[in-house]
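**Q** Let me give you the structure first, and then I'll get to my questions.
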Amino acid sequence: MIDGSGLITGSALWALALYLPLSLPLARFEAALSEGPLPPQLQTVCLVLSSLLLALAVGVITHLGIGWALGPGWSSSMAVIALVSSVFLSLASRADPD
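Residue numbering for the sequence shown follows my numbering, starting at 6 and increasing by one per position.
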């Protein structure tokens, strides 16, 4: 039987690591939603669901691709490294006065 816990954990880590690079398309989607006819509550629900689905889909695809190329253990380890570096880069960019 296939254990799916590694896939779920690795995919969630990749989704978190890649969330910041995915925020630019989500910002454009948020701007398009604000110009649309939906009420604000529905806009918020739509934005939250779409951002979660996008992050999880990209996380699963990335985890499966790297897991296929390098092995599942390496894929999860690389996800942790990518997550930590993503957090450090976002903190460094906020501290930059430019």
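All C-beta atoms, glycine included, are put in the ideal place defined by N, C-alpha and C.
The structure displayed is predicted, hence computed values, not measured ones.
1) In terms of residues, what are the limits of the alpha helix (DSSP H) holding residue 26?
2) Does the pairing of the segment 22-35 with the segment 71-81 give three or more beta-carbon distances under 8 angstroms?
3) Just to confirm before moving on: does the CB-CB distance between residue 19 and residue 84 stay below 9 angstroms?
4) For residue 24, which residues in the same chain have their Cβ closer than 7 angstroms to its Cβ, ignoring the five residues on either side in sequence?
5) I believe residue 68 touches residue 80 by the beta-carbon criterion, under 8 angstroms. Please report the beta-carbon distance rounded to the nearest angstrom.
6) Using the three-state DSSP reduction, which class does residue 18 fall into: helix, strand or coil?
7) Residue 52 to residue 42, Cα distance in whole Å?
8) Roughly how many angstroms lie between the CA atoms of residue 66 and residue 35, to the nearest whole one?
9) State the Cα-Cα distance for the pair residue 45 and residue 58, rounded to the nearest angstrom.
**A** In brief:
1) Position 21 of the sequence shown, counting from 1, holds the residue named residue 26. From DSSP, the alpha helix (DSSP H) with residue 26 extends over 24-39.
2) Output reads no: the segment 71-81 does not touch the segment 22-35.
3) If you number the sequence shown from 1, residue 19 lands on position 14. If you number the sequence shown from 1, residue 84 lands on position 79. Closer than 9 angstroms, so yes.
4) Working through the sequence shown from its first residue, we reach residue 24 at position 19. Cβ-Cβ distances below 7 angstroms link residue 24 to 60 in the same chain, with the five nearest sequence neighbours on each side left out; the list follows chain order.
5) To locate residue 68, count along the sequence shown from 1; it is residue 63. To locate residue 80, count along the sequence shown from 1; it is residue 75. With a contact defined as Cβ atoms closer than 8 angstroms, residue 68 and residue 80 qualify at about 5 angstroms.
6) Counted from its first residue, the sequence shown places residue 18 at position 13. Helix, per DSSP.
7) The residue given as residue 52 occupies position 47 in the sequence shown. The residue given as residue 42 occupies position 37 in the sequence shown. About 14 angstroms.
8) For the purposes of this step, residue 66 is taken as residue 61 along the sequence shown, with counting starting at 1. For the purposes of this step, residue 35 is taken as residue 30 along the sequence shown, with counting starting at 1. About 24 angstroms.
9) As a first step, residue 45 must be located in the sequence shown, where it is residue number 40. As a first step, residue 58 must be located in the sequence shown, where it is residue number 53. If I take the Cα positions, the gap works out to 20 angstroms.
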